[in-house]
Amino acid sequence: AEAKRLNINLSATMEKALEKEVKQQLKAEWLEQNAEAIEACNDLTAKHGLFSDSHRVF
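At position 1 of the sequence shown (counting the first as 1) the number is 1 in full-length UniProt numbering, and the numbers step up by one without a gap.
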């Protein structure tokens with residue numbers, strides 16, 4: 001009743017909510033699928049530092 005009174009478009013509101021949920025689910029899925037590679041990259045960086053470390057001036 002309040003949504004109708006406030007002229008809130010149910011379809012548009014649901015579409016935005018679904019887009020947000022899909023984006024969050026895809027992000028979580030990507031992170032899960034790439035967790036091993038991310039960990040390997042982090043380990044390599046921790047062991048050897050960043051390539052740019054020798055080029056920094058600060």
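Every residue, glycine too, gets a C-beta built ideally from N, C-alpha and C. It should be emphasised that the depicted structure is a prediction, and the values quoted were computed from it without experimental measurement.
If you measure from the beta carbon of K23 to each beta carbon in chain B, is any gap under 9 angstroms? The chain labelled as chain B is not found in the depicted structure, where only one protein chain is given.
Roughly how far, in whole angstroms, is the beta-carbon of L10 from the beta-carbon of A3, given that I think they are within contact range, below 8 angstroms? 7 angstroms
Give the secondary structure of L6 by DSSP, where H, G and I count as helix, E and B as strand, and everything else as coil. coil
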